[in-house]
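J.: Here's a structure for you.
There are 2 protein chains.
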Amino acid sequence: MALALSGPETGLDLTGFRDAVEDFLADFLDRKAPPAGNGGSPDLAAPLRQFLDAGGKRIRPILAFVGWHAAGATGDPRTVVHLAASLELFHVFALIHDDVMDSSALRRGRPTVHRALARAHQGDDSGVSAAAAARFGKGAAILIGDLAMVWSDELLLESDANPDQLAALWLVLHAMRSEIVLGQYLDLQATGDASPDVSRALRIGRYKTAKYTVERPLHLGAIAAGADQHLLDRLSVFALPLGEAFQLRDDLLGVFGDPAVTGKSALEDLRDGKATVLTALALQAATPAQRRALTDWLGDPHLTDEQAAVARHIIVATGAPAQVEEVIATRFRTAMNALDDGRLPCAARRALRDIADAVTRRTT
Amino acid sequence: MALALSGPETGLDLTGFRDAVEDFLADFLDRKAPPAGNGGSPDLAAPLRQFLDAGGKRIRPILAFVGWHAAGATGDPRTVVHLAASLELFHVFALIHDDVMDSSALRRGRPTVHRALARAHQGDDSGVSAAAAARFGKGAAILIGDLAMVWSDELLLESDANPDQLAALWLVLHAMRSEIVLGQYLDLQATGDASPDVSRALRIGRYKTAKYTVERPLHLGAIAAGADQHLLDRLSVFALPLGEAFQLRDDLLGVFGDPAVTGKSALEDLRDGKATVLTALALQAATPAQRRALTDWLGDPHLTDEQAAVARHIIVATGAPAQVEEVIATRFRTAMNALDDGRLPCAARRALRDIADAVTRRTT
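Residue numbers (my numbering), protein chains in the order written: chain Y, 163 to 526; chain H, 163 to 526.
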């Protein structure tokens, strides 16, 4: 994603912060490698290192950093690095499990963790069947994901945050974790059930993305600088519409994105029958014939490239993508207005504006 | 399990403690139910309540309680209830994910969480295919398991433990969590790969059971009463051999147990080709013909009841079950000797002896 990360115009050194988080995570995972001569313990940190090396936007760490600045950037900056790294490792957990649940083949342009582990397990041993290797891959990926969650706790608790600060962070972290699980659950429940229900799709996005990806990271960073509830509420007024716009952009990219740029398949969302605002609006505006075709195809695991191309054509013909673009623009403006009213420190406000801009226009 | 839970002979009110933990968990999960008129939020706590209601030995909570007594039972007893409930909820997480990984059908005599969720998802809607329902069930069970882990953190942090106590508990909890993931990973890696390697099987059991089920719960309870490293080490000398015996009993029950009593299939371990000390010893002592049959059958997902009966017969003929019984008896004696040397408070010692007795002789 072309996140305009730093430069004199923002004032905040987002690139520097991101690098610090990367280094910190790399060190942490290096410490988790089994010592030499350990009797053949598998290196369970290796898949996590590889996953992080493959890229990612680091949007949650960056928002935590900006949230910290929004609240005055007081206190030990290392606490924010711990917090940001912990958020990213938690996100790795969520993505690895998400890929297992969706049986996704690609993530960040590389084989997903369960696919890579399945392949490694099979290796050159013809005695391991493809089915057994796939089963191993999924089980092992569930465990590696679990470990990422365990370690994201550990990493935060290694920080020098004082007990009161930690208690305040945990309160919001627990809310965030329950919210993302609920969002994922609602998503899973709706998957394969194509429906014109826009409010259901919006609700999924609110939990899965608006709160988890934007609001909570900002809150957590702000709490690390001792923010009060009033500031947290003001940040929410910015974060929630931006987060919805983020999800809507994601929905568009999932169907119309270039796999070479997104690193994800452009067929999967259609094949899974993901319940998005995009498909809900398309079903609402479709002619009876279009609607029949979409209902048949959305959620068909054997959807061909040709059928997908026709489905995309129909979706465009309904006007749904243009409607979604309009909603994104509206949400973006709402978020911008919140910034203007927000009386946030100038540097934080600029950074949030740049991030909002990048997040809503991105192509990956 | 016929855990001799209380009675004047032990001195510790294990039953009372277990009931307190049950009540506490029930209250906690009730609080997690969505409020009435919530717009149709799914009750993600319900599968966890049902899982806990289906039974279980509560061995980890009980050991935490005994560990607390072993260290003098000082400090706020409610902290131990929080800790024990947190351990049990973490265990629920581990079992739900374990059942997904193993594709198990039954747990505690009821359909596993992923099976129950798949069935509920399909409901009376003939539009949902069996494959789609199964996919939903596994995905949803992964999420419900994740939530159990999130909530096990939350529950512990709601306790009144002071920051120093919490920091000491977290240190061991993190070790425990990494250990169980490693144990599960080693187990998964070896599954389907029948081998006479006893030391590999022992290593799996050490991480998966001896440390996770016995040693760490005792340590954690002891830490809640301010135990020093010296006491923790003394508890390990008891816990590790007992934990190994526990795993060995589990291995025997997995193949020879009565499903009506264990609540689990007696075919699954054979069909999965679990790498246990039992099968390793059987392969070591088998004649070439027996070994060929076992190698063919262990890990065959289509193993019939008849073949399983023959496999059990072969395993008995190799003398492996008797050898495993001997190892169990040896480990039991080692654990008992540790108790005698341990200078632990008398009531804790008695409780540990009763638990060791029940754990190594159990039929479920």
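Think of the CB as a built atom: it goes at the ideal place given N, C-alpha and C, for glycine as much as any other residue.
1) Examine chain H for any beta-carbon lying closer than 8 Å to the beta-carbon of residue 515 (chain Y), and answer yes or no.
2) Beta carbon of residue 437 (chain H), beta carbon of residue 330 (chain H): below 8 Å?
3) Kindly list, in the order they appear in chain Y, the residues whose Cβ is closer than 9 Å to that of residue 129 (chain H).
4) Ignoring anything shorter than 4 residues, give me the alpha helix (DSSP H) runs that lie fully in the region 287 to 371 of chain Y, in order along the chain.
5) Please work out which residues of its chain come closer than 6 Å, Cβ to Cβ, to residue 323 (chain H), disregarding the five sequence neighbours upstream and downstream, and give them in chain order.
6) Return no unless some Cβ of chain Y is closer than 8 Å to the Cβ of residue 304 (chain H).
7) Starting from the beta carbon of residue 204 (chain Y), find every residue of chain H whose beta carbon is closer than 9 Å, and list them in chain order.
8) Quick check: what's the CA-CA separation for residue 434 (chain Y) versus residue 507 (chain Y)?
9) Buried or exposed for residue 178 (chain H), going by 16 or more other Cβ atoms inside 10 Å?
10) When you compare the CB of residue 518 (chain H) with every CB in chain Y, is at least one pair closer than 8 Å?
11) Counting beta carbon pairs with one atom in the region 247 to 266 of chain H and one in the region 217 to 228 of chain H, are three or more of them shorter than 8 Å?
12) If we ignore side chains and look at the alpha-carbon of each, how far apart do residue 278 (chain Y) and residue 389 (chain H) end up?
13) Just checking: is the beta-carbon of residue 316 (chain H) within a distance shorter than 8 Å of some beta-carbon in chain Y?
14) Note the first and the last residue of the continuous alpha helix (DSSP H) segment covering residue 382 (chain Y).
15) Can you list the residues of chain B that residue 360 (chain Y) reaches, using a CB-CB cut of under 7 Å?
16) Alpha carbon to alpha carbon, what distance is there between residue 306 (chain H) and residue 259 (chain Y)?
17) Could you tell me whether the Cβ of residue 340 (chain H) comes closer than 8 Å to any Cβ of chain Y?
18) Spatial neighbours of residue 195 (chain H) within its chain, please: CB distance less than 8 Å, with the 5 preceding and 5 following residues excluded, ordered by chain position.
19) Would DSSP call residue 197 (chain H) helix, strand or coil?
20) Please determine, among H:233, H:185, H:487 and H:256, the residue with the shortest C-alpha to C-alpha distance to residue 339 (chain H).
21) To the nearest angstrom, report how far apart residue 231 (chain Y) and residue 192 (chain Y) are at their CA atoms.
22) So for residue 537 (chain H), helix, strand or coil by DSSP?
23) Here's a check: name, in chain order, each residue in its chain whose Cβ is nearer than 7 Å to the Cβ of residue 270 (chain Y), leaving out the five neighbours to either side.
24) Helix, strand or coil for residue 129 (chain Y), going by three-state DSSP, please let me know.
25) Verify whether the separation of the beta carbon atoms of residue 460 (chain Y) and residue 440 (chain Y) is less than 8 Å.
26) Between residue 476 (chain H) and residue 455 (chain H), which are expected to be in contact by the criterion C-beta below 8 Å, what is the C-beta distance as a whole number of angstroms?
27) Could you have a look at residue 164 (chain H) and say whether DSSP puts it in helix, strand or coil?
28) Just tell me which of H:498, H:407, H:302 and H:422 has its CA closest to the CA of residue 488 (chain H).
29) If residue 301 (chain Y) and residue 350 (chain H) are in contact, beta carbons under 8 Å, what's the gap, nearest whole angstrom?
30) Using 8 Å as the limit for Cβ to Cβ distance, is residue 325 (chain H) near chain Y?
31) Looking only at its chain, what residues have a beta carbon closer than 6 Å to the beta carbon of residue 296 (chain Y), apart from the 5 residues adjacent to it on each side?
32) Quick check on DSSP: helix, strand or coil for residue 525 (chain H)?
33) Check whether the region 407 to 418 of chain H touches the region 359 to 372 of chain H, counting contact only when three or more Cβ pairs, one atom from each stretch, lie closer than 8 Å.
34) Measure the Cβ-Cβ separation of residue 372 (chain Y) and residue 210 (chain Y) and say whether it is below 8 Å.
35) Here's a check: name, in chain order, each residue in its chain whose Cβ is nearer than 6 Å to the Cβ of residue 493 (chain H), leaving out the five neighbours to either side.
36) Express the C-alpha separation of residue 465 (chain H) and residue 429 (chain H) in angstroms, rounding to a whole number.
T.: From the atom records:
1) Position 353 of the first sequence, counting from 1, holds the residue named residue 515 (chain Y). Cβ-Cβ to chain H under 8 Å: no for residue 515 (chain Y).
2) Taking the second sequence and counting its residues from 1, the one referred to as residue 437 (chain H) is at position 275. Taking the second sequence and counting its residues from 1, the one referred to as residue 330 (chain H) is at position 168. Contact flag unset, no.
3) Shown here, chain H extends from 163 to 526; a query on residue 129 (chain H) therefore has no answer.
4) 292 to 319, 325 to 352 and 360 to 367
5) As a first step, residue 323 (chain H) is located in the second sequence; it is residue number 161 there, counting from the start. Cβ neighbours of residue 323 (chain H) beyond the five flanking positions: 241.
6) Counting from 1 along the second sequence, the entry for residue 304 (chain H) is found at position 142. Chain Y, which has a Cβ nearer than 8 Å to the Cβ of residue 304 (chain H), makes this yes.
7) One-based indexing of the first sequence puts residue 204 (chain Y) at position 42. Correct list: 344, 347, 348 and 351.
8) Translated into positions along the first sequence, residue 434 (chain Y) becomes position 272. Translated into positions along the first sequence, residue 507 (chain Y) becomes position 345. Answer to the nearest angstrom: the Cα atoms are 43 Å apart.
9) As a working mapping, residue 178 (chain H) is identified with position 16 in the second sequence. Exposed is the call here.
10) Your numbering for residue 518 (chain H) matches position 356 in the second sequence. Residue 518 (chain H) does not count as touching chain Y.
11) yes
12) Here the question's residue 278 (chain Y) lines up with position 116 in the first sequence. Here the question's residue 389 (chain H) lines up with position 227 in the second sequence. If I take the Cα positions, the gap works out to 44 Å.
13) Within the second sequence, residue 316 (chain H) is the residue found at index 154, counting from 1. Yes, contact with chain Y.
14) Translated into the one-based positions of the first sequence, residue 382 (chain Y) becomes position 220. 378 to 386 is the span of the alpha helix (DSSP H), which, as asked, contains residue 382 (chain Y).
15) Of the protein chains in the structure, Y and H, none is chain B.
16) To locate residue 259 (chain Y), count along the first sequence from 1; it is residue 97. To locate residue 306 (chain H), count along the second sequence from 1; it is residue 144. Computed Cα separation, rounded: 12 Å.
17) The residue labelled residue 340 (chain H) in the question sits at position 178 within the second sequence. Closer than 8 Å to some Cβ of chain Y, the Cβ of residue 340 (chain H) qualifies, so yes.
18) Residue 195 (chain H) sits at position 33 when you count from the first residue of the second sequence. Within the same chain, residue 195 (chain H) has close Cβ partners 205, 207 and 208.
19) By 1-based counting over the second sequence, the position of residue 197 (chain H) is 35. Note: residue 197 (chain H) maps to coil in three-state DSSP.
20) Stepping through the second sequence from its first residue, residue 339 (chain H) is reached at position 177. That would be H:256, whose Cα lies nearest to the Cα of residue 339 (chain H).
21) Here the question's residue 231 (chain Y) lines up with position 69 in the first sequence. Here the question's residue 192 (chain Y) lines up with position 30 in the first sequence. About 30 Å.
22) Only positions 163 to 526 of chain H appear in the structure, and residue 537 (chain H) is not among them; the question remains open.
23) Looking up residue 270 (chain Y) in the first sequence gives position 108. For residue 270 (chain Y), where only same-chain residues beyond five positions count, the Cβ hits under 7 Å are 216, 217, 218 and 425.
24) Outside the displayed range of chain Y (163 to 526) lies residue 129 (chain Y), so it cannot be described from this structure.
25) Taking the first sequence and counting its residues from 1, one reaches residue 460 (chain Y) at position 298. Taking the first sequence and counting its residues from 1, one reaches residue 440 (chain Y) at position 278. Against a cut-off of 8 Å, the Cβ pair of residue 440 (chain Y) and residue 460 (chain Y) comes out as no contact.
26) As a first step, residue 476 (chain H) must be located in the second sequence, where it is residue number 314. As a first step, residue 455 (chain H) must be located in the second sequence, where it is residue number 293. Contact holds; Cβ gap of about 6 Å.
27) As a first step, residue 164 (chain H) must be located in the second sequence, where it is residue number 2. Caution is warranted here: a pLDDT of 41 is assigned to residue 164 (chain H), below 50, making its placement in the model unreliable, and the coordinate value is therefore given only provisionally. Note: residue 164 (chain H) maps to coil in three-state DSSP.
28) Numbered from its first residue, the second sequence carries residue 488 (chain H) at position 326. Among H:498, H:407, H:302 and H:422, the Cα nearest to that of residue 488 (chain H) belongs to H:407.
29) The sequence position of residue 301 (chain Y) within the first sequence is 139, counting from 1. The sequence position of residue 350 (chain H) within the second sequence is 188, counting from 1. Correct: roughly 5 Å between the Cβ atoms.
30) Translated into the one-based positions of the second sequence, residue 325 (chain H) becomes position 163. Yes, contact with chain Y.
31) As a working note, residue 296 (chain Y) is residue 134 in the first sequence. Cβ neighbours of residue 296 (chain Y) beyond the five flanking positions: 280.
32) Along the second sequence, read from residue 1 onward, the residue named residue 525 (chain H) stands at position 363. In the structure shown, residue 525 (chain H) sits in coil (DSSP, three-state: anything other than H, G, I, E or B).
33) yes
34) Indexing the first sequence from 1 puts residue 372 (chain Y) at position 210. Indexing the first sequence from 1 puts residue 210 (chain Y) at position 48. Contact flag unset, no.
35) As a first step, residue 493 (chain H) is located in the second sequence; it is residue number 331 there, counting from the start. Closer than 6 Å at Cβ, skipping near neighbours: 403, 406 and 407.
36) Against the second sequence, residue 429 (chain H) aligns to sequence position 267. Against the second sequence, residue 465 (chain H) aligns to sequence position 303. So the two alpha carbons sit approximately 8 Å from each other.
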